[in-house]
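Visitor:
Numbering (the numbering used here), first residue to last: 15 to 135.
1. Could you spell out the range, first to last residue, of the alpha helix (DSSP H) harbouring residue 131?
2. Three-state secondary structure (DSSP) at residue 140?
3. What span of residues does the alpha helix (DSSP H) with residue 54 cover, start to end?
4. Could you check whether residue 56 and residue 73 sit closer than 8 Å to each other, using their CB atoms as the reference points?
5. Pick from 49, 79 and 21: whose alpha carbon is nearest that of residue 32?
6. For residue 79 versus residue 121, is the C-beta distance shorter than 8 Å?
7. Is the beta carbon of residue 26 closer than 8 Å to that of residue 65?
8. Considering only their Cβ atoms, is the gap separating residue 103 from residue 111 smaller than 8 Å?
9. Reducing DSSP to helix, strand and coil, say where residue 106 ends up.
10. In its own chain, which residues sit with a C-beta less than 6 Å from the C-beta of residue 85, not counting the 5 before and 5 after it?
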């Protein structure tokens, strides 16, 4: 992408801000609700673009350590952990597992619902 074009996350944030400031105040009822949903989707996409890669990389590293593997496929690592938990092969009292699950949830909520995590810190 050319250097003069802002990153997608910046463009999405600008669109959400503009809708919230300049369009929402003029709307009522269902059109206002639908526009609010669109603003929320744009903000979620902004957070995904901003935070998603780092969250995936951190989860990937934790899963590799937890599962003692060098597998590069994040969905496969997630599936393997789920299989071990479901089969009883994973020790649910293991501190590393508990830390991983909490950290993964915190990272997901930072993208999906940052207000929820902010209320609990």
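C-beta: ideal position from N, C-alpha, C; glycine also.
Guide: On the basis of the coordinates in this document:
1. 128-133
2. Nothing can be reported for residue 140: it is not among the residues displayed for the chain, which extend from 15 to 135.
3. 43-81
4. no
5. For residue 32, the closest of 49, 79 and 21 by C-alpha to C-alpha distance is 49.
6. The answer is no: Cβ separation not under 8 Å.
7. no
8. no
9. coil
10. 91
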